[in-house]
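A.B. asks:
Protein chains: 2
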Amino acid sequence: MRVLGIDPGLTRCGVGVVEGVPGRPCKLIAYYIVHSQPDEDIALRLLHLDTSLADLVAEHKPESVAVERVFSQHNVRTVMGTAQASAVAVLAGARAGLPVQTYTPSEVKAAVTGSGTAGKAQVTAMVTRLLSLDAPPKPADAADALAIAICHIWRGGTRARIQAAAIAAARRGGVRR
Amino acid sequence: MRVLGIDPGLTRCGVGVVEGVPGRPCKLIAYYIVHSQPDEDIALRLLHLDTSLADLVAEHKPESVAVERVFSQHNVRTVMGTAQASAVAVLAGARAGLPVQTYTPSEVKAAVTGSGTAGKAQVTAMVTRLLSLDAPPKPADAADALAIAICHIWRGGTRARIQAAAIAAARRGGVRR
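Residue numbers (UniProt numbering), protein chains in the order written: chain A, 1 to 177; chain B, 1 to 177.
1. Mind listing the chain A neighbours of V3(B)? Cutoff is C-beta to C-beta under 7 Å, in chain order.
2. Am I right that L130(B) and C13(B) are in contact with their C-beta atoms under 8 Å? What's the rounded C-beta distance?
3. Along the beta strand (DSSP E) that carries A66(A), what are the first and last residues, could you check?
4. Keeping to the same chain, check which residues put their C-beta closer than 7 Å to that of P105(B); ignore five residues upstream and five downstream.
5. With I6(B) and V15(B) assumed to form a contact (beta carbons below 8 Å), what rounded beta-carbon distance in angstroms separates them?
6. Where do the N-terminal and C-terminal ends of the beta strand (DSSP E) with C151(B) fall, by residue?
7. Could you check where the alpha helix (DSSP H) with D134(B) kicks off and where it finishes?
8. Going by DSSP, what residue range makes up the alpha helix (DSSP H) through Q122(B)?
9. Under 9 Å between the Cβ atoms of Q84(B) and S86(A)?
10. With a threshold of 9 Å between beta carbons, is R176(A) in contact with chain B?
11. What does H152(A) touch in chain B if you count any residue whose Cβ is under 8 Å from its own?
12. For the structure I just gave you, are there three or more beta carbon pairs, one from the stretch 53-68 of chain B and one from the stretch 52-68 of chain A, closer than 8 Å?
13. Y31(A) to P8(A), Cα distance in whole Å?
14. Let's see if you can read the secondary structure: which residues bound the beta strand (DSSP E) around T102(B)?
15. I'd like to know whether the C-beta of G16(B) is nearer than 9 Å to at least one C-beta of chain A.
16. Work out the CA separation of G93(A) and V88(B) for me, nearest whole Å.
17. Given R171(B), which residues of its chain have a CB within under 8 Å of its CB, disregarding the five upstream and five downstream residues?
18. Tell me whether the beta-carbon of A147(A) lies closer than 9 Å to the beta-carbon of V90(A).
19. So what does D7(A) bridge to, in DSSP terms?
20. Nearest chain A C-beta to R171(B) closer than 9 Å, yes or no?
21. Below 6 Å CB to CB, which residues in the same chain sit around V21(B) once its five sequence neighbours on both sides are set aside?
22. For S86(A), return the contacting residues in chain B, with the cut-off set at a CB-CB distance below 7 Å.
23. Note down the Cα distance separating T102(B) from R95(B), rounded to an integer number of angstroms.
24. Applying the 10 Å Cβ sphere with the 16-neighbour rule, what's the burial state of A140(A)?
25. Check distances from the C-beta atoms of the stretch 26-55 of chain A to those of chain B and list, in chain order, the residues that come in under 8 Å.
26. Could you give the C-beta distance for A164(B) and V18(B), rounded to a whole number, given that I count them as a contact under 8 Å?
27. In whole angstroms, what separates the C-alpha of A168(B) from that of V34(A)?
28. Cβ closer than 7 Å: which chain A residues qualify as neighbours of L146(B)?
29. For chain B, is any of its Cβ atoms less than 9 Å away from the one on M80(A)?
30. Run through DSSP, which three-state label would A30(A) get?
31. Report the rounded CA-to-CA distance for R177(A) versus M80(B), giving the unit in angstroms.
32. E40(A) by DSSP, collapsed to three states: which one?
33. Assign R24(A) to one of three DSSP states: helix, strand, or coil.
34. Quick one: Cα of S115(B) to Cα of R45(A), how far?
35. What does I167(B) reach in chain A if we use C-beta pairs closer than 9 Å?
36. Between V108(B) and D134(A), what straight-line distance do the alpha-carbon atoms span, to the nearest angstrom?
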């Protein structure tokens, strides 16, 4: 199973592509950070993220997309940008007809480290080990996107497959207003 | 100038299409509420909103899109959904190559009623009068989307035109990662 994991952010959005099956070490395919400038127009920032994610989905042809769910623990301004980026991320998968699954930060941490309260360094160390990398991913925040993809692979894709059928049906059905 | 105004929401998203020039009564073209169910999968909800807005932009061919800017005065859960819907709304315009402008709620209220702290009933009454309607728009929350479109027409489109050039350039330029 090939999964594209997204750690949504408006200024820095992490993207990780991983292949694997539940319970075994996974294979790193690629990772990216999509950037935009905080002083840039919001329409341009969202359009850039949208185009970049659509390109990466087209390039890597994942079977599903996994996105970290936004929480409100940070300051409100940051959360709004993250929520907007997460909408673009979820849409990038849905528009390509792929199943999209969201995971909370603690679900992701628990999946890769065994602890839902693991620190950033621990997540990075486990991602490096689970993907059999010689060194941690650089930039470091790409590790989160890779962790999300690994989390999705290991938790299996049952929910994802049910949702894929629903998305396919919705796309066939046209628009409800 | 024909403007498509969007009052973003995940459960109910208001869309109003208005034609006019600054300072004169405007003409109502159409209004809609795009619905989705809170218990539905987030990917399906965002995809439905995305498809519906793209269809309405294609159908009405506005020259620009105006979106109400999200604020954090409400509860955090609502704000997250609204922020996600606003990203989809802004993208609907940007992806069609249109200039997209955002306005705060008080800018919209001030534009149509003269007061940035006007109540919902006052906004609805002014929208009804400014569009020369026999009765207030139904459902009532469509009035907000129409107010956003009127606000954009009356405030002129200078910023919008500058941004349109930037969007056109960004779409020509392909993807920066």
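Ideal Cβ placement from N, Cα and C applies to all residues, glycine included.
C.D. replies: This is what the structure holds:
1. Within chain A, no residue comes near V3(B); the closest Cβ sits about 15 Å away, beyond 7 Å.
2. About 22 Å separates the two Cβ atoms, so there is no contact after all.
3. S64 to E68
4. E68 and F71
5. 6 Å
6. Note, C151(B): premise wrong, no beta strand (DSSP E); alpha helix (DSSP H) at A142 to W154.
7. First-last for D134(B): undefined, no H or E at that position.
8. K120 to L130
9. yes
10. Note on R176(A): pLDDT 49, under 50, position unreliable in the model; the coordinate value appears next. At least one chain B Cβ lies under 9 Å of R176(A).
11. Per Cβ cutoff of 8 Å: no residues; H152(A) is ~14 Å from chain B at best.
12. no
13. 14 Å
14. V100 to Y103
15. no
16. 14 Å
17. G97
18. no
19. G14(A)
20. yes
21. none
22. Q84
23. 16 Å
24. exposed
25. Y32, I33, V34, H35, D41, I42, A43, L44, L46, L47, H48, D50, T51, S52 and D55
26. Not really, about 18 Å apart at Cβ, beyond 8 Å.
27. 20 Å
28. What L146(B) touches in chain A: nothing, since even the nearest Cβ is about 16 Å away.
29. yes
30. strand
31. Only weak support exists for where R177(A) lies, its pLDDT of 49 falling under 50; the coordinates are left without a value.
32. coil
33. coil
34. 31 Å
35. D41, A43, L44 and L47
36. 55 Å
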